[in-house]
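J.: At position 43 of the sequence shown the residue is numbered 92 (the working numbering), and the sequence of numbers has no breaks. Note that CB positions come from ideal geometry on N, CA and C, so glycine has one too.
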Amino acid sequence: MKLVLLGAAGSGKGTLAKKIVADFNIPQLSTGDLLREVAKSGTALGEEVKAYQQSGALVPDNVTFEVLKDRLKKSDCKNGYILDGYPRTLNQAKMLAEIADVDAVISIELDFEEIVKRLVSRRNCPNCGEIDNAEYQGYTGFCRKCQTPLFQRDDDKPEAIKARLEVYKQNITPLINFYGDKVFKVSSAGTPDETYKPVKLFLERLK
Ligand code: AMP
Numbered sequence: 050m051k052l053v054l055l056g057a058a059g060s061g062k063g064t065l066a067k068k069i070v071a072d073f074n075i076p077q078l079s080t081g082d083l084l085r086e087v088a089k090s091g092t093a094l095g096e097e098v099k100a101y102q103q104s105g106a107l108v109p110d111n112v113t114f115e116v117l118k119d120r121l122k123k124s125d126c127k128n129g130y131i132l133d134g135y136p137r138t139l140n141q142a143k144m145l146a147e148i149a150d151v152d153a154v155i156s157i158e159l160d161f162e163e164i165v166k167r168l169v170s171r172r173n174c175p176n177c178g179e180i181d182n183a184e185y186q187g188y189t190g191f192c193r194k195c196q197t198p199l200f201q202r203d204d205d206k207p208e209a210i211k212a213r214l215e216v217y218k219q220n221i222t223p224l225i226n227f228y229g230d231k232v233f234k235v236s237s238a239g240t241p242d243e244t245y246k247p248v249k250l251f252l253e254r255l256k
C-alpha cells in the first residue's frame with residue numbers, strides 16, 4: 050500500500066502516520082525528518098537545507114526528491130509506505146508519479162487557529178521522535194516514552210509557522226485536484242484515536 054498523507058504542519062500527520070505504521074506494517078517516510086538529518090550532516094548542502102527549514106520555506110524540489118528516492122530504495126519500502134509531508138506541491142506530486150503509483154491519499158483537515166495553538170506549544174523528543182504538547186495535562190517537559198528532555202523545533206516559532214501555513218494554503222487545492230477520487234478527507238479536531246478510526250476503516254477496505 051502506497052499512501053500519501055496531506056495536512057498542514059501541526060494537523061497531526063505524524064501522529065496519524067504512527068498509528069497506520071503500527072497496524073499496517075508499512076514504514077512512515079517523513080521528508081521533514083529525512084531533511085533534518087541532511088541539515089545535521091555538517092555539509093554545505095546541510096547548511097542550505099537547515100536555512101530553508103528554519104524559515105519554514107520549502108526545500109528545493111530536486112534536493113527533496115533525491116533524498117526521498119534514496120529512502121525509497123531501502124528494503125522496508127517494498128510492500129509500500131506512508132509519505133508524511135511529501136508531496137507538498139503539484140510539481141512534487143508529478144515528480145512522484147514518475148516513480149510510484151499512489152494507492153490512496155489521506156488529507157487531514159483542521160482549522161488554522163487550532164493548528165497555530167497546537168504548534169506553538171508542541172514539543173519533540175530528540176531521542177525517539179515522540180511528540181508532546183506543553184499545554185496538555187500531565188506535561189512534564191520530559192519524553193513520556195524515554196524520559197529525554199523535550200525541545201521546541203525552530204520552525205515551531207510564530208514567524209516560521211506563518212510561512213509554513215502559507216505554503217500549505219497555496220498548494221493544497223491543486224494537490225487535492227491532482228489526486229481526485231484517491232483522496233480520503235478526515236478531520237483531526239478530535240483526539241488522535243478519533244481521527245484514526247475512519248482512516249483505519251478506509252484502509253482496511255482498500256487492502
Ligand atoms: P515537517 O517536519 O513535515 O513539518 O517539515 C519541516 C520542513 O522540512 C518544512 O517546513 C520544509 O522546510 C522541509 N520539507 C519537508 N517536506 C518537504 C517537501 N516535501 N518539500 C520541500 N520541503 C520539505
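#1: Counting pairs of beta carbons, one from the stretch 117–134 and one from the stretch 61–78, are three or more of them closer than 8 Å?
#2: Taking DSSP as the reference, what is the three-state secondary structure of residue 51?
#3: Using only CA atoms, which one of 241, 210, 165 lies nearest to residue 101?
#4: Ignore the nearest five residues each way along the sequence and tell me which others in residue 230's own chain have a CB closer than 6 Å to its CB.
#5: Beta-carbon within less than 8 Å of residue 83's beta-carbon, same chain only, minus the 5 sequence neighbours each way: which residues are those?
#6: Quick one: using the 10 Å Cβ neighbour count with 16 as the cut-off for buried, is residue 146 buried or exposed?
#7: Near residue 205, which residues of its chain fall below 6 Å by C-beta distance, leaving aside the five closest residues on each side in sequence?
#8: May I have a chain-ordered list of the beta strand (DSSP E) segments no shorter than 3 residues that lie completely inside the stretch 125–165?
#9: Does residue 220 have its Cβ less than 8 Å from a Cβ in chain D?
#10: Please return the same chain residues whose Cβ sits closer than 6 Å to the Cβ of residue 79, not counting the five positions on each side in sequence.
#11: Going by Cα to Cα distance, which pick from 127, 156, 175 is closest to residue 61?
#12: Could you tell me whether any non-hydrogen atom of ligand 1 is closer than 7 Å to the CB of residue 167?
#13: Would you say residue 64 touches ligand 1, meaning its beta carbon is less than 7 Å from a heavy atom?
T.: Quick answer:
#1: yes
#2: strand
#3: 210
#4: none
#5: 116, 117, 120
#6: exposed
#7: 168, 171
#8: 130–133, 153–158
#9: The structure shown has no chain D; it contains just one protein chain.
#10: 133, 134
#11: 156
#12: no
#13: no
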